[in-house]
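Here this note's numbering = 1-based position in the sequence shown + 983.
See structure below.
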Amino acid sequence: MKFEYDEEVDAAYIYLKYPIKQGEAKKTIALNDNIIIDFDSDDKLIGVEVLNASKVIAKKALVQAEII
């Protein structure tokens, strides 16, 4: 698992599989305005995107993320 945070756009990505290759995410579902999940061709969850991350994820966790 890998956790990245982009301060410029205030978005975080949690990789459940790393790396995710170009085109590997075959299905994307928005759970709400802030949470988007990606699945591979076998419907296995491979990643979670969190928008407005500083409002949704504790600052302590964001500090520990890899900043991109």
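In this text, a Cβ means the ideal position worked out from N, Cα and C, and glycines have one as well.
Check                                                                                                                                                 : Outcome
Kindly indicate the opening and closing residues of the alpha helix (DSSP H) around residue 1043.                                                     : 1042-1047
Does the distance from the CB of residue 994 to the CB of residue 1031 come in under 8 Å?                                                             : no
How about residue 1008 and residue 1021: are their beta carbons less than 8 Å apart?                                                                  : yes
Nearest to residue 991 by alpha carbon, out of 1024, 1036 and 1040?                                                                                   : 1036
Ordered along the chain, which non-local residues of its own chain (more than five positions away) have a Cβ less than 7 Å from that of residue 1039? : 1017 and 1033
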